[in-house]
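Numbering (full-length UniProt numbering), first residue to last: 1 to 468.
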């Protein structure tokens, strides 16, 4: 049987209420009261007294949970939430909400908390799966959630094939390292291979190193030495970037299967990227900006300067901006574009020098245009820094009488200005290099036997000669 307890009216006792027990269990007003002699042990007595002291009615039941009606279950759940809130206020009256969040984050007892943890686990597996290059690693990550239905997993990893999902299930059952089988097929279409090699060796993916060589075999199994190169992107990123470039240029017929591209990347020898300092300082400085910004965001969150929604939003924009500048921005830049930040003719033009100035409205080949469009991904880079400044300005207004805090805010504002300058330098650098690569390809295409092309590093070799 289930019992419903309510506070004793002033001037009354439990003994005087014994006759008030009603047998009308189906009554929607839920009038069952528990006389004091039905509360048998000291814990129950103390619980009833505590509930009355905080102004709540105990909802006690000796029946199994599954046998209770929906209304009874809902009443008990609501009472438990109210009790939790009252206890949190007693333990920490300044911030009971934070106490509850901390408690339930560590010990998830409710469906809501379990749902949040489930979402976190699935998102972590998704990020690890998408950022991994090796097939064995991707299968290992996928095997963690392979017991879920494919339709559920596709909510987080769209485009996941049934074949790959079944491979992950086999991996989970085997419980040992994935063993790949060598494939000796050599059939290929020359145009597709040539197009991908051209992309792989471009600045979008590869940097030439000024030192070192690599010893490789040619098709006749002879060893040859080639200049050393540095690969800036992971295999998965190279495939996705190549796919996007072909889609934008209308060349999707040249796309090869991802497995084929990964094998070609593995065979094409190059150094794995560890650090770009000393090789491409502009890119290295810009990537360091996002590392420092992430540290600042975490610090602001732990110091209670921002709440969790701001924390998650800033980290999301930071990750989007970093990934965009490393990958997609390189294929968005073109000689003529209605987006100013993508247009070589506009962005690399010097308005004060006639010889270095170009007019987009008089571009050849009917490409005359105005810059009337914006890029949503470029805007995210700008919005990220605008949001950081807005938060710091709000903190400055709030703590203007706190001198140590104002000194710290001044340093942060200076850092943000410096970070934005480095990101702007990166975009200018990538525009300049993209244009140079295009011109270089055109010159090489016009060369005949006996011609020589001399490449001089203007910034590192010619500019230092001027003040001598």
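Glycine residues also receive a C-beta, built at the ideal position from the N, C-alpha and C atoms.
- Secondary structure at residue 294: helix, using DSSP grouped into helix, strand and coil.
- In summary, residue 46 is exposed, with fewer than 16 beta-carbon neighbours lying within 10 Å of its beta-carbon over all protein chains present.
- Each residue's CA atom was taken as its position, placing residue 140 and residue 167 some 10 Å apart.
- A direct Cα-Cα distance of roughly 29 Å separates residue 455 from residue 235.
- Excluding sequence positions up to five before and after residue 262, its CB lies within less than 6 Å of the CB of 235, all in the same chain and listed in chain order.
- Cα atoms of residue 348 and residue 408: separation of roughly 37 Å, rounded to the nearest angstrom.
- Per DSSP, the beta bridge partners of residue 343 are 334.
- One thing to note: residue 377 has its Cβ within 7 Å of the Cβ of residue 324.
- Distance from the Cα of residue 124 is smallest, within the candidate group 284, 136, 135, 145, for 145.
- Counted as a single uninterrupted DSSP element, the stretch harbouring residue 447 is not any alpha helix (DSSP H), since DSSP gives it neither H nor E.
- Looking only at 416, 43, 98, the smallest Cα-Cα distance to residue 393 is reached by 416.
- If you draw a straight line from the Cα of residue 374 to the Cα of residue 75, it is about 54 Å long.
- When the five nearest sequence neighbours on each side are left out, the beta carbons in the same chain lying within less than 6 Å of the beta carbon of residue 300 are those of 306, in order along the chain.
- Scanning 142, 159, 152 for the CA closest to the CA of residue 169 turns up 142.
- Closest by C-alpha distance to residue 251, out of 243, 258, 257, is 243.
- For residue 63, no beta strand (DSSP E) segment is defined, and its DSSP state is neither H nor E.
- Assigned with DSSP and collapsed to three states, residue 225 falls in strand.
- Its chain contains 371, 373, 374, 375 as the residues whose beta carbon lies nearer than 7 Å to that of residue 339, once the 5 sequence neighbours on both sides are disregarded; these appear in chain order.
- Residue pairing by DSSP places residue 215 opposite 225 in a beta bridge.
- By the neighbour-count criterion, in which a residue is buried when 16 or more other Cβ atoms sit within 10 angstroms of its Cβ, residue 308 is exposed.
- Looking at the DSSP output, residue 373 shares a beta bridge with 339.
- The alpha carbon of residue 384 has as its nearest neighbour, out of 440, 89, 311, the alpha carbon of 311.
- Residue 270 sits close to residue 231, with the two beta carbons spaced by under 7 Å.
- By alpha-carbon distance to residue 439, the top candidate from 344, 428, 420, 405 is 344.
- A straight line joining the alpha-carbon of residue 445 with that of residue 199 spans about 16 Å.
- Around the beta carbon of residue 190, fewer than 16 other beta carbons sit within 10 angstroms, so the residue counts as exposed.
- A straight-line Cα-Cα distance of about 57 Å links residue 257 and residue 64.
- Pairing residue 426 with residue 255, the inter-Cα distance amounts to about 29 Å.
- Each residue's CA atom was taken as its position, placing residue 72 and residue 66 some 11 Å apart.
- In the structure shown, the three-state DSSP call for residue 265 is helix.
- Residue 297 and residue 318 do touch by the CB rule: their CB atoms are close to 7 Å apart, below 8 Å.
- When the Cα atoms are used, residue 452 and residue 443 turn out to be separated by approximately 10 Å.
- Boundaries for residue 355: no alpha helix (DSSP H) harbours it, and the DSSP string shows neither H nor E there.
- Annotation: the region 78-132 contains the following complete segments of the alpha helix (DSSP H) (minimum length 4 residues), in chain order: 96-106, 111-131.
- In this chain, the alpha helix (DSSP H) harbouring residue 321 covers 308-326.
- Counting along the chain, the unbroken alpha helix (DSSP H) around residue 137 starts and ends at 135-143.
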